[in-house]
Every structure is written in C-alpha cells, then in structure tokens.
Amino acid sequence: MSVLRALDADPVGTAMVAARVEAHGVEPRSLGGQLWSAGDVTTSLCFSGANLIPLRGSSSDMHYFADRALSAPRACSSIVGHAEYIEPLWATLEPTWGPAREVRDNQPLMALQHDLLVTPDPHVRMVTFDDLDSYLPAAVEMFIGEVGVDPCAGDGGRAYRRRLESLVSAHRVFARFDGRDVVFKAEIGSLSRRVGQIQGVWVDPDLRGHGYGVGGTAAVAQAILDNGRLPSLYVNDFNGRARNVYNSVGFSQVGTFATVLID
46 MSVLRALDAD
56 PVGTAMVAAR
66 VEAHGVEPRS
76 LGGQLWSAGD
86 VTTSLCFSGA
96 NLIPLRGSSS
106 DMHYFADRAL
116 SAPRACSSIV
126 GHAEYIEPLW
136 ATLEPTWGPA
146 REVRDNQPLM
156 ALQHDLLVTP
166 DPHVRMVTFD
176 DLDSYLPAAV
186 EMFIGEVGVD
196 PCAGDGGRAY
206 RRRLESLVSA
216 HRVFARFDGR
226 DVVFKAEIGS
236 LSRRVGQIQG
246 VWVDPDLRGH
256 GYGVGGTAAV
266 AQAILDNGRL
276 PSLYVNDFNG
286 RARNVYNSVG
296 FSQVGTFATV
306 LID
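If you're matching positions, the sequence shown starts at 46 in the numbering used here and goes up one per residue.
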C-alpha cells in the first residue's frame, strides 16, 4: 500500500498515524479521520481528524492541506507534526483559525537508537483495571499540566477515562505505585509495527529529583524494546528537567516537532 510505504519512510515522525492505519486501514470511518494528498501520497500526505497531522510534503502541499482544512468546519483541536511542516501550514490557517491558545514551535523528537544507559525501575509495572481509580487523578494532573485544559471538563472525564481504559486493555499503561499512590506514570500512546511512542510521563511533584523519572521511563522503553519496537517520544524544549531525564535514559534527538493548540 502506497500510504504504508510513505509512513515507513519516516517511522518515528509518522508513528501516531501509522499505528491507526495499520490497525484500521485507510477508510475514514474506521481510521477516525481522513488522509489527504495533493497528488502522490509518497510525497504528499496529511491526516485530518481530532488532530491535524501533516506527514509529508512541500510548502505548496502544506498550503493545499490548509485550504482543504478551511473548506469545512474545523474538526481538530490541535495541529502536530514536523516543525518544518507546521510553520507554513499554520501560517495559512492562522488568519481563520487563530489566535492559537499556544504554539510550541520547538519540540525535540527523540528515539532510543542504542541500548538503555540506565537500569529500568523494577517496580514499574503495567496498570490494570483495578488500578484505574488510583491512576486517573495522576493522569488528569499530568494532562492539565501538559495540555493546559482539564480532560474532565464537559463530560466529567468519561471520554478521557475510556481512552485510558483502551490503553490499559492494550497493556500500554505503566506506573510505579506506593500503596495506592502513583509515584511515576506513563503510557505508550501510539504503537505502530515499528515504533512505540511514549506519552504522559509524570512523577509525583513531591518526589521529583530522586530518579523515578529516569528509571520509570527506562522501564517503559524496555517494554517497547521487548515488543520489537523503537521507543520514541517528543518533549517541549523548555522542559529542561524532562529533556535531562530522556537524555539520561539514552534517547537522542532525531527531529523537531511543533504543536499548535487551538482549543
């Protein structure tokens, strides 16, 4: 399939969409969005769903994607992808969709391209459904701190809980607990056949600086390696503590993402 070949050309940068396509195919209803192309999908490709994700293309392709997005009511709450794509795309969209709530224009995209540099925390384990009530408050706190909105607003958190339940069911939620209290947490947000993208890394604020983030992230990365995938993640450039954690684990920068938060 041409779409899969296009995604395979940049497995780390396209992991979020590749995971969907591999699981559901390209039919919009199953995929949860549309795939757009200005011509050849191997050189021009964009995903439009809850997020708008430009995947491949030139500046003219980004203008095409922007014009197509503007031809219908806005469906996405954010735009994310390689910074070189986001800049021209948002420049065209901003007069209509702006102002953005926040633009994060420098997010190092990182991957673990060699062995771990530290020992994984043996106390980090997969979260079960029995853990979910204890896990949820930490996940909500992380989400608010990272995204700037409360995932429980509107529907009382039902949709966010369902998302976490689906990840728990897929064995992609990890935590270290002290009794029922969460010390460290993270999820594998996207899992393609080549890449596992870590998201939602969080350490109890009262326990930061004691190595839980390093050991915990290493444990999640090891779980991805054990499944034959490449661990990856992206991080805000201004989050020096998190970048130090990921560098200590052995991640290195392979690209630069950018995110435009609209809602």
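Think of the CB as a built atom: it goes at the ideal place given N, C-alpha and C, for glycine as much as any other residue.
By Cβ distance below 6 angstroms, which residues in the same chain neighbour residue i in space, the five residues on each side in sequence not counted?
| i | result |
| --- | --- |
| residue 104 | 133 |
| residue 60 | 235, 237, 240, 242 |
| residue 257 | 228, 229, 248 |
| residue 69 | 75, 76 |
Please find out if some non-hydrogen atom of the ligand PLP comes closer than 7 angstroms to the beta-carbon of residue i.
| i | result |
| --- | --- |
| residue 130 | Inclusion of the ligand PLP in the displayed structure is not the case, the ligand content being empty and no account of it being possible. |
Residue i and residue j look like a contact to me (Cβ under 8 angstroms); what is the Cβ gap, rounded to whole Å?
| i | j | result |
| --- | --- | --- |
| residue 306 | residue 146 | 5 angstroms |
| residue 242 | residue 211 | About 15 angstroms separates the two Cβ atoms, so there is no contact after all. |
| residue 227 | residue 249 | 7 angstroms |
| residue 87 | residue 111 | So it is not a contact: roughly 21 angstroms between Cβ atoms. |
| residue 152 | residue 304 | 6 angstroms |
| residue 221 | residue 232 | Actually they do not touch by this definition, with Cβ atoms about 14 angstroms apart. |
| residue 52 | residue 157 | Going by Cβ atoms, the distance from residue 52 to residue 157 rounds to 20 angstroms, so no, they are not a contact pair. |
| residue 184 | residue 209 | 6 angstroms |
In or out: residue i buried (at least 16 other Cβ within 10 Å) or exposed?
| i | result |
| --- | --- |
| residue 107 | buried |
| residue 283 | exposed |
| residue 140 | exposed |
| residue 47 | exposed |
| residue 93 | buried |
| residue 214 | exposed |
| residue 309 | Missing from the structure shown is residue 309; the chain here goes from 46 to 308 and no further. |
| residue 72 | exposed |
| residue 297 | exposed |
| residue 102 | buried |
| residue 245 | buried |
| residue 83 | buried |
| residue 165 | buried |
Using C-beta distances below 8 angstroms, list every residue in its chain close to residue i, excluding the 5 sequence neighbours before and after it, in chain order.
| i | result |
| --- | --- |
| residue 116 | none |
| residue 163 | 259, 260, 263, 293, 294, 295 |
| residue 193 | 146, 147, 306 |
| residue 186 | 247 |
| residue 50 | 87 |
Leaving out five residues on either side along the sequence, give the residues of the same chain with a beta carbon under 7 angstroms from the beta carbon of residue i.
| i | result |
| --- | --- |
| residue 207 | none |
| residue 299 | 57, 154, 155, 156 |
| residue 149 | 281, 303, 304 |
| residue 168 | 221 |
| residue 130 | 99, 102, 107 |
| residue 172 | 180, 213, 218, 219, 220 |
Quick test of the definition: if touching needs 3 or more C-beta pairs under 8 angstroms, does the region 284 to 297 touch the region 123 to 142?
no
Say whether the region 57 to 66 touches the region 236 to 255, bearing in mind that this needs 3 or more beta-carbon pairs closer than 8 angstroms, one atom from each stretch.
yes
Tell me the start and end of each unbroken alpha helix (DSSP H) in the region 178 to 249 that is at least 4 residues and wholly inside, in chain order.
203 to 214
Going along the chain, which unbroken runs of the alpha helix (DSSP H) with 4 or more residues stay wholly within the region 57 to 99?
60 to 69, 73 to 76
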